[in-house]
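Engineer:
Number of protein chains: 2
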Amino acid sequence: MAKKTTIYDIAKRLDITAATVSRALNNNPKISKATRELVLKTAEKMNYEQNKLALALKSGKSNNVGVIVPRIDSNFFGSVIRGIEEELYPKGYHVIICQTQESEAKETANIDTLLNAQVDGILISTSSNQIKPFERIIKKNIPLIFFDRKKSMDGVSSVVINDYEGGYKATKHLIDQGFTKIAHLCVDKTIEIYRERCKGYKQALIDSGIDIKEEYIVQAKSNREEGAKAVDTLLKLENPPKAIFSSSDFAALGAIQELKSRGYKIPNDFAVAGFSNEPFTKFMELTITTVDQSALEMGKIAANVFLEQMENTDIKIEKKVILEPELIVRESSLKTAPKKSKLKKVN
Amino acid sequence: MAKKTTIYDIAKRLDITAATVSRALNNNPKISKATRELVLKTAEKMNYEQNKLALALKSGKSNNVGVIVPRIDSNFFGSVIRGIEEELYPKGYHVIICQTQESEAKETANIDTLLNAQVDGILISTSSNQIKPFERIIKKNIPLIFFDRKKSMDGVSSVVINDYEGGYKATKHLIDQGFTKIAHLCVDKTIEIYRERCKGYKQALIDSGIDIKEEYIVQAKSNREEGAKAVDTLLKLENPPKAIFSSSDFAALGAIQELKSRGYKIPNDFAVAGFSNEPFTKFMELTITTVDQSALEMGKIAANVFLEQMENTDIKIEKKVILEPELIVRESSLKTAPKKSKLKKVN
DNA sequence: CTGTTAGCGCATTCAC
DNA sequence: GTGAATGCGCTAACAG
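Chains as they are written, first to last, in our numbering: chain A, 56 to 402; chain B, 56 to 402.
1) Between B:A328 and B:S277, which are expected to be in contact by the criterion C-beta below 8 Å, what is the C-beta distance as a whole number of angstroms?
2) Can you tell me which residues form a DSSP beta bridge with B:G176?
3) Please list, in chain order, all residues of the same chain as B:Q364 whose beta carbon is under 6 Å from its beta carbon, the five residues on each side excluded.
4) Identify the continuous beta strand (DSSP E) that holds B:L31 and give its terminal residues.
5) Is the shortest distance between the beta-carbon of A:F330 and the beta-carbons of chain B less than 7 Å?
6) In the DSSP assignment, what are the bridge partners of B:D347?
7) Spatial neighbours of A:P393 within its chain, please: C-beta separation below 6 Å, excluding the five flanking residues on both sides.
8) Bridge partners for B:Q154 per DSSP, in chain order?
9) Start and end of the alpha helix (DSSP H) containing B:Q185?
10) Out of A:I152, A:Y148, A:G147, which has the shortest C-alpha to C-alpha gap to A:I136?
11) Using a C-beta cutoff of 7 Å, does A:N323 count as contacting chain B?
12) If you draw a straight line from the alpha carbon of B:I200 to that of B:V124, how long is it in whole angstroms?
13) Between B:Q348 and chain A, is the shortest Cβ-Cβ distance under 7 Å, so that the two count as touching?
14) In three-state terms, what does DSSP make of B:F201?
15) What would DSSP say about B:E192, mapped onto helix, strand or coil?
16) Could you check if A:L292 is buried or exposed, using at least 16 other CB atoms within 10 Å of its CB as the buried criterion?
17) Would you say B:E340 lies against chain A (beta-carbon separation less than 7 Å)?
18) Looking at the structure shown, is A:S301 part of a helix, part of a strand, or coil, going by DSSP?
19) Please determine, among B:T345, B:N367, B:K375, B:D209, the residue with the shortest C-alpha to C-alpha distance to B:M353.
20) Give the straight-line distance between the Cα atoms of A:K390 and A:N323, rounded to the nearest whole angstrom.
21) List, in chain order, every chain A residue whose beta-carbon is nearer than 8 Å to that of B:V51.
22) To test your reading of the DSSP string, which unbroken alpha helix (DSSP H) runs of 4 or more residues are found completely within the segment 204-255 of chain B?
23) Name, please, each residue of chain B whose Cβ falls closer than 7 Å to the Cβ of A:K436.
24) Ignore the nearest five residues each way along the sequence and tell me which others in B:K257's own chain have a CB closer than 6 Å to its CB.
25) Which residues of the segment 119-132 of chain B have a Cβ closer than 8 Å to any Cβ of chain A? Give them in chain order.
26) Determine the chain B residues that contact A:I137 at a beta-carbon separation under 9 Å, and present them in chain order.
27) Assign B:K375 to one of three DSSP states: helix, strand, or coil.
28) What does the alpha-carbon distance come out to for the pair A:T235 and A:Y271?
29) Are any of the Cβ atoms in chain A nearer than 7 Å to that of B:F202?
30) Rounded C-beta distance between A:L108 and B:S117? I'm assuming under 8 Å.
31) Does the pairing of the segment 136-150 of chain A with the segment 344-361 of chain A give three or more beta-carbon distances under 8 Å?
32) Pull up the distance between the alpha-carbon of B:T163 and that of B:V214, whole angstroms please.
33) Less than 8 Å between the CB atoms is what I'm expecting for B:R341 and B:I311, so what's the real figure, rounded?
34) How about B:G133 and A:I127: do their beta carbons lie closer than 7 Å?
35) Verify whether the separation of the beta carbon atoms of A:D405 and A:E333 is less than 7 Å.
36) Taking only three categories from DSSP, how would you classify B:I166?
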């Protein structure tokens, strides 16, 4: 292994001190132009590369930030991470990614490891209801930023979308299309974002003078199977719904497939709207109405909130950013569907 | 900021030496049970946490590995990274992710930064034709592993799928379905994996005694628009094809949509097969035949190749792993399509 | 079993 | 302007 060259090596070669080399390399003003240039040149010649670890140990800054998400191979989190990465990388930060697989224990373990690794900040979409690990982070005075799935804590910043509004908009849209018997697939009511979407759904109904039927609200995990099963359940009701607002695109897809297989015409017999704007929603034969969560932007904003906090370590910043969700109306809910033109995508 | 407690702090409290504390913490055999337990207990009490940076500086090992991919928010790379992460995390390694956006300059910059950060290894799916940065990595004796998009270098390990075989299988399948006029959408012939798929396509034709028509081989980037455009081009031929093997699922989708809009019945009038097994291929109204690349497995294997190299730094290991691609036959190419059963997914 | 010493590579304070 | 000395937190070699 070619031994890495350090500032000492180049100091020795030039018969000066490591301190001088360090200064030259860091553009310290009090250094003669001659030596600076000499140092720079020989550093280049010797393939010198700064050891960031030493710098990190010295400065107490690792230039790494930790990002914790339930899982990485989903379009949404992949895009958020991409946004974070794109903002942080040019500023010299690296992103260390951890997955929790929705496990509370793994979340705790991830936080532990990131703290040990001396990350300069932690950005997380939490998959737990615990609070202790987060208090540890705060006590260490390490910037903590929640995105998407937040936890309400004093003094902690968060970047989320207005899930309530998303649920409201989607439901209102279905009502505007003439539907009144609207069911809701709620992924998991123990998770705040889904509760919020459900609240929005309910409020939209109330605002239009439509009664809320509890039997219209069904739990269905975020996959096709559960979406199909939910349809099965709903259609067995004495007074079945004619439309569904699903908090998950995958469940919405499953619902649509099940409805089709039973001969329902969508959107005329039955309308469906999803949530997340997963790529497939616009690829389908029947494109799916959904709510966009601006994942990339969420990541970028979260990253910038972190950067702000790094620049102002003295003052405590608490920033609660709430992005407005965008309803994307497509064929699955639009009774007068636009005809597709050749070689042109619908939205 | 609550000052971090170091081994010195706990040494002082116990009136012993930092070295002893270190030994106790690291389960060094030559230490009395009494002191070990005492140290452990007070460490706990004082909320001690090991500073990995110091350890890294001392040992020369950062316990970080760098992963470089063209982009992170695609299903394929997201899954590969997930695989890598799942293997490495339990071994105490962190994954630092970088994107090149297909830019050679960014790739170089990423490598630079990762080397500065003293990563213990670099796993990369390259998006360039350069070789110099990789030689730098090797010269530093840092494990380098290519996955998916490799570069052929002596002494360097790689984990890829047999793209040739994938192209062959898909094409052969179309032939078996009775098609002879088969076109090919080649994403980018400057990239090895696509050239290989194209070779497989050609060989399958040859093996069945079908002539290769150069006008049947069209460049189409990995998106729907280019897939549709390619269909337009192909159908204008004097003797248009009746089937397409596309090296990209997205282009295949675009092709299918364009064909449908022109009234073609798929798969009877025209068959299509894609590549990558993107999630949407099995969600579609018309499910799409494709080739699975076992992304998760690829990531896991790449990670394990890295781990092996770390364990045997003395001997030089060159491991070329080639995964067999799996052809997944779906409706877009199967003339006698299976009927979908309710609540049950096709594949 | 435990203490002493030294060094990983760098930046910074204090001298000169 | 530059050198000398120091410490970031930890482990390992050498003593005892």
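All C-beta atoms, glycine included, are put in the ideal place defined by N, C-alpha and C.
Structural biologist: The short version:
1) Position 273 of the second sequence holds residue 328 of chain B. Position 222 of the second sequence holds residue 277 of chain B. About 15 Å; that fails the 8 Å criterion.
2) Start at 1 with the first residue of the second sequence, and residue 176 of chain B comes out as number 121. DSSP lists B:V120 as partners of B:G176.
3) Within the second sequence, the letter at position 309 stands for residue 364 of chain B. Closer than 6 Å at Cβ, skipping near neighbours: P198, I372.
4) There is no way to answer for residue 31 of chain B, as the model of chain B reaches only from 56 to 402.
5) The residue labelled residue 330 of chain A in the question sits at position 275 within the first sequence. Not an interface residue.
6) The residue you call residue 347 of chain B lines up with position 292 of the second sequence. The partner list for B:D347 (beta bridge, DSSP) reads B:S331, B:E381.
7) Your numbering for residue 393 of chain A matches position 338 in the first sequence. Interpretation of A:P393 is limited by its pLDDT of 47, a score under 50 that renders its predicted location unreliable; no figure is taken from the coordinates.
8) Residue numbering aside, residue 154 of chain B sits at position 99 when the second sequence is read from its first letter. DSSP lists B:V124 as partners of B:Q154.
9) Here residue 185 of chain B refers to the residue found at position 130 when the second sequence is read from its first residue. First-last for B:Q185: undefined, no H or E at that position.
10) What you label residue 136 of chain A is simply residue 81 of the first sequence in a count that begins at 1. Measuring from the Cα of A:I136, the nearest candidate turns out to be A:I152.
11) As a working note, residue 323 of chain A is residue 268 in the first sequence. Residue contact check for A:N323 against chain B: no CB pair falls below 7 Å.
12) Within the second sequence, residue 200 of chain B is the residue found at index 145, counting from 1. Within the second sequence, residue 124 of chain B is the residue found at index 69, counting from 1. Roughly 12 Å separates the two Cα atoms.
13) Here residue 348 of chain B is taken as the residue at index 293 of the second sequence, counted from 1. False, the Cβ-Cβ gap to chain A never drops below 7 Å.
14) The residue given as residue 201 of chain B occupies position 146 in the second sequence. B:F201: strand per DSSP, three-state reduction.
15) Position 137 of the second sequence, counted from the start, is the residue given in the question as residue 192 of chain B. Per the sequence shown, the amino acid found at residue 192 of chain B is Ile instead of Glu. Helix at B:I192.
16) The residue labelled residue 292 of chain A in the question sits at position 237 within the first sequence. A:L292 should be labelled exposed.
17) Working through the second sequence from its first residue, we reach residue 340 of chain B at position 285. Closer than 7 Å to some Cβ of chain A, the Cβ of B:E340 qualifies, so yes.
18) The residue you call residue 301 of chain A lines up with position 246 of the first sequence. DSSP places A:S301 in strand when its eight states are reduced to three.
19) Locating residue 353 of chain B in the second sequence gives position 298, where the first residue counts as 1. Residue B:K375 is the option with its Cα nearest to B:M353.
20) Residue numbering aside, residue 390 of chain A sits at position 335 when the first sequence is read from its first letter. Residue numbering aside, residue 323 of chain A sits at position 268 when the first sequence is read from its first letter. Cα to Cα, the separation comes out at about 6 Å.
21) Beyond the ends of chain B as shown, which are 56 and 402, falls residue 51 of chain B; an answer cannot be given.
22) Scanning the segment 204-255 of chain B from its first residue to its last, the whole alpha helix (DSSP H) runs of 4-plus residues come out as 218-231.
23) With chain A running from 56 to 402 in the structure shown, residue 436 of chain A is simply not present.
24) Within the second sequence, residue 257 of chain B is the residue found at index 202, counting from 1. I267.
25) The residues in question are N119, R126, I127, D128, S129, N130.
26) In the first sequence, counting from the first residue as 1, residue 137 of chain A sits at position 82. Note on identity: in this sequence residue 137 of chain A is Arg, with Ile being the wrong assignment. Those within 9 Å of A:R137 in chain B are R126, I127, D128, Q154.
27) One-based indexing of the second sequence puts residue 375 of chain B at position 320. The three-state reading of DSSP puts B:K375 in strand, counting E and B together.
28) In the first sequence, residue 235 of chain A corresponds to position 180, counting from 1. In the first sequence, residue 271 of chain A corresponds to position 216, counting from 1. Each residue's alpha carbon lies about 12 Å from the other.
29) By 1-based counting over the second sequence, the position of residue 202 of chain B is 147. For B:F202, the answer is no, since every Cβ of chain A falls outside 7 Å of its Cβ.
30) Residue numbering aside, residue 108 of chain A sits at position 53 when the first sequence is read from its first letter. Residue numbering aside, residue 117 of chain B sits at position 62 when the second sequence is read from its first letter. Indeed they touch by this definition, with Cβ atoms about 6 Å apart.
31) The segment 136-150 of chain A is in contact with the segment 344-361 of chain A.
32) In the second sequence, counting from the first residue as 1, residue 163 of chain B sits at position 108. In the second sequence, counting from the first residue as 1, residue 214 of chain B sits at position 159. Looking at the two C-alpha atoms, the distance is approximately 21 Å.
33) Here residue 341 of chain B is taken as the residue at index 286 of the second sequence, counted from 1. Here residue 311 of chain B is taken as the residue at index 256 of the second sequence, counted from 1. Just to set this straight, residue 341 of chain B is Leu in the shown sequence, not Arg. That pair is a contact at about 7 Å.
34) Within the second sequence, numbered from 1, the residue matching residue 133 of chain B stands at position 78. Within the first sequence, numbered from 1, the residue matching residue 127 of chain A stands at position 72. In this structure, B:G133 sits near A:I127, with a CB-CB distance shorter than 7 Å.
35) Residue 405 of chain A is absent from the model: chain A starts at 56 and stops at 402.
36) Sequence index remark: in the second sequence, residue 166 of chain B carries index 111 (1-based). In this structure, B:I166 counts as helix in the three-state DSSP scheme.
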